[in-house]
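Let me begin by presenting the structure, written as structure tokens, before commenting on it.
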Amino acid sequence: MSKFIPQGMGWIPDLPDPRDYTYRHEKILPILQQLKHCSGEVPDEIDLRYGDEGEVFLTDVEDQGPLNSSSAFAVLSLVEYFERRIYGRTFDGSQLFLYKVTRNLRNKQARVTGDTGADLRTTFKALRRFGVPDEEHWPYVPDRFDNEPSAFVYQASHMFHDLRYFRIDCTVKCCPNDSSESRLKILTTFLAAGFPVAFGVSVPSSLSIEPDIPYRPRFDSIRGGQAVVAIGYHLNHYGRAGSAVLVRSSWGRQWGDKGNGWLPGAVLSDSTSPLWCVLPESVCRQELFVPIPVRSVETLV
Numbered sequence: 079m080s081k082f083i084p085q086g087m088g089w090i091p092d093l094p095d096p097r098d099y100t101y102r103h104e105k106i107l108p109i110l111q112q113l114k115h116c117s118g119e120v121p122d123e124i125d126l127r128y129g130d131e132g133e134v135f136l137t138d139v140e141d142q143g144p145l146n147s148s149s150a151f152a153v154l155s156l157v158e159y160f161e162r163r164i165y166g167r168t169f170d171g172s173q174l175f176l177y178k179v180t181r182n183l184r185n186k187q188a189r190v191t192g193d194t195g196a197d198l199r200t201t202f203k204a205l206r207r208f209g210v211p212d213e214e215h216w217p218y219v220p221d222r223f224d225n226e227p228s229a230f231v232y233q234a235s236h237m238f239h240d241l242r243y244f245r246i247d248c249t250v251k252c253c254p255n256d257s258s259e260s261r262l263k264i265l266t267t268f269l270a271a272g273f274p275v276a277f278g279v280s281v282p283s284s285l286s287i288e289p290d291i292p293y294r295p296r297f298d299s300i301r302g303g304q305a306v307v308a309i310g311y312h313l314n315h316y317g318r319a320g321s322a323v324l325v326r327s328s329w330g331r332q333w334g335d336k337g338n339g340w341l342p343g344a345v346l347s348d349s350t351s352p353l354w355c356v357l358p359e360s361v362c363r364q365e366l367f368v369p370i371p372v373r374s375v376e377t378l379v
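Residue numbering for the sequence shown follows my numbering, starting at 79 and increasing by one per position.
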């Protein structure tokens, strides 16, 4: 297998913050509970790239190139998914703009310079606060990563004030036993309900061009962190009890299966960040389902 060395990565782990919304939050739970109920347990496999009638919900994987901008690519993949699934339109947002305003927001006292990377929480905050212009207004030119967008570009941004972001992973408050098994279970239930999930992974030194992402803690070093989007899963990808999560990266189509890869489910506890979803208020009108954990929540916690 040929090794694959990414040019850019850039995911910075989120620091703990008790203010994070979870799916049980009073501003999240009522919207989720308006969705349709589906019968039975989660299926053995899910792929959110396509609808039941062949609709394409995600365009081709893009290449972040040498910049550490993976968090911006991951967040805008979530936006693109819901724009296509809910409204049937493609939103080609500027990753370079979102990456810049996120770094500005990470340091409110002074403009951040340098290709520092970003965490997902601040990237979501920047999306809500500043919006995102079309790619044509602020194209992805890596050499311009530290340029400040003009007033026109800010004014041309599409705003996403109704887009709420929240965590679905277990916290001490809602699930004391935060294991890879519990994280995988809640991740698969949200994927089965139609919700892609963004998180960060540690990239092992043994990463190859193949879609299966190897994790060998006793042999591998870590190259860095990469923000990805879970867009599916297969409970038997590695045989009986060998589950894997299908993730979308931003290393272009030359890596993995046209830019997508398989993350072993067993590494979710040690190798990933909090699990983030977004929720447009208009989602309750669409063909999405109530995630299984939400059905059993009768009181707000």
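Note that the Cβ used here is the ideal one computed from N, Cα and C, for glycine as well. Quick caveat, the model's predicted, so the values are computed rather than measured.
May I ask you to report which of helix, strand or coil DSSP gives Val120?
Coil.
Hey, could you find the ends of the alpha helix (DSSP H) Val372 is sitting in?
Its alpha helix (DSSP H) spans residues 370-373.
Would you tell me roughly how many angstroms separate the C-alpha atoms of Phe160 and Arg318, rounded to the nearest one?
If you take the alpha carbons of Phe160 and Arg318, they lie about 33 angstroms apart.
Do Leu154 and Gly143 have their C-beta atoms within less than 8 angstroms of each other?
Not in contact: Leu154 and Gly143 (Cβ atoms no closer than 8 angstroms).
Can you tell me where the alpha helix (DSSP H) holding Gln173 begins and where it ends?
Gln173 -> alpha helix (DSSP H) spans 173-184.
Following the continuous beta strand (DSSP E) through Gln304, name the residue where it begins and the one where it ends.
It spans 300-312 - the beta strand (DSSP E) in which Gln304 sits, taken as one unbroken run.
May I ask you to list the residues that DSSP assigns as paired with Leu357?
BP columns for Leu357 point to Arg242.
Quick check: the segment 337-347 against the segment 85-96, are at least 3 beta-carbon pairs closer than 8 angstroms?
The answer is no - the segment 337-347 does not touch the segment 85-96, with fewer than three Cβ pairs under 8 angstroms.
Sorted by chain position, which residues of the same chain lie with C-beta nearer than 7 angstroms to Gly209's C-beta, five sequence neighbours on each side aside?
Closer than 7 angstroms at Cβ, skipping near neighbours: Ser235, His236, Met237, Phe238.
What are the boundary residues of the alpha helix (DSSP H) that includes Val231?
229-233 is the extent of the alpha helix (DSSP H) around Val231.
Between the C-alpha atoms of Tyr184 and Thr200, what's the straight-line distance to the nearest angstrom?
In the sequence as presented, Tyr is not what sits at residue 184; that position holds Arg. So the alpha carbons of these two residues sit roughly 7 angstroms apart.
For Gln304 versus Ser148, is the C-beta distance shorter than 8 angstroms?
Closer than 8 angstroms, so yes.
Throw me the rounded Cβ distance for the Arg127 and Val134 pair, which I believe falls under 8 angstroms.
7 angstroms between Cβ atoms; contact.
Spell out the partners DSSP gives Phe277 in its beta bridges.
Val306.
What does DSSP give as the partner residue(s) for Thr100 in the beta ladder?
Arg245, per the DSSP bridge assignment.
Does the structure place the segment 286-301 close enough to the segment 331-342 that three or more beta carbon pairs sit under 8 angstroms?
A contact exists between the segment 331-342 and the segment 286-301.
Helix or strand or just coil, what does DSSP make of Asp141?
Looking at Asp141 - three-state DSSP - the assignment turns out to be strand.
What's the gap between the Cα of Ile124 and the Cα of Gly192?
Each residue's alpha carbon lies about 39 angstroms from the other.
Is DSSP giving Val157 helix, strand or coil here?
The answer is helix: DSSP assigns Val157 an H, G or I state.
Tell me whether Phe82 sits in a helix, a strand or coil according to DSSP, three-state version.
Correct three-state label for Phe82: coil.
When we look at the beta-carbon of Ser351 and count the other beta-carbons within 10 Å, is it buried (16 or more) or exposed?
Buried.
With Leu136 and Ile309 assumed to form a contact (beta carbons below 8 angstroms), what rounded beta-carbon distance in angstroms separates them?
Yes, Leu136 and Ile309 are in contact; Cβ-Cβ is about 7 angstroms, under 8 angstroms.
In chain order, what residues of the same chain lie with their CB nearer than 8 angstroms to the CB of Tyr316, ignoring the 5 residues before and after it?
Within the same chain, Tyr316 has close Cβ partners Ala322, Pro342.
What does Leu198 pair with, by DSSP beta-bridge criteria?
Looking at the DSSP assignment, Leu198 forms no beta bridge with any residue, so it has no partner.
If you measure between the beta carbons of Cys362 and Leu107, is that distance less than 8 angstroms?
No.
Out of Leu241, Arg167, Phe223, His215, which one is the CA nearest neighbour of Phe230?
Ranking the options by Cα distance to Phe230, first place goes to His215.
How would you call Lys186, buried or exposed, if buried means at least 16 neighbouring beta carbons within 10 angstroms?
So Lys186 ends up on the exposed side.
Which whole-angstrom value is the C-beta distance of Pro220 and Phe175, which I expect to be below 8 angstroms?
No, Pro220 and Phe175 are not in contact; Cβ-Cβ is about 13 angstroms, not under 8 angstroms.
Could you name the residues of the same chain whose beta carbon sits closer than 6 angstroms to that of Lys251, not counting the 5 residues immediately before and after it, in chain order?
The pLDDT assigned to Lys251 is 47, lower than 50, so where the model puts this residue is not dependable, and the model offers no usable value.
Taking Gly88 as the reference, give the member of Asp298, His312, Val281, Val325 with the closest Cα.
Of the candidates Asp298, His312, Val281, Val325, the one whose C-alpha sits nearest the C-alpha of Gly88 is Val281.
Tell me which residues share the same chain as Pro254 and place their Cβ nearer than 7 angstroms to its Cβ, disregarding the 5 neighbours each side in the sequence.
The predicted position of Pro254 is uncertain, since its pLDDT is 48 and thus under 50; a value taken from the coordinates is nonetheless stated next. If we look at Pro254 and ignore the five residues flanking it on each side, it has no Cβ neighbours.
When you compare each of Gly302, Arg206, Lys105 to Gly195 by their alpha carbons, which one comes out closest?
Comparing Cα-Cα distances from Gly195 to each of Gly302, Arg206, Lys105, the minimum goes to Gly302.
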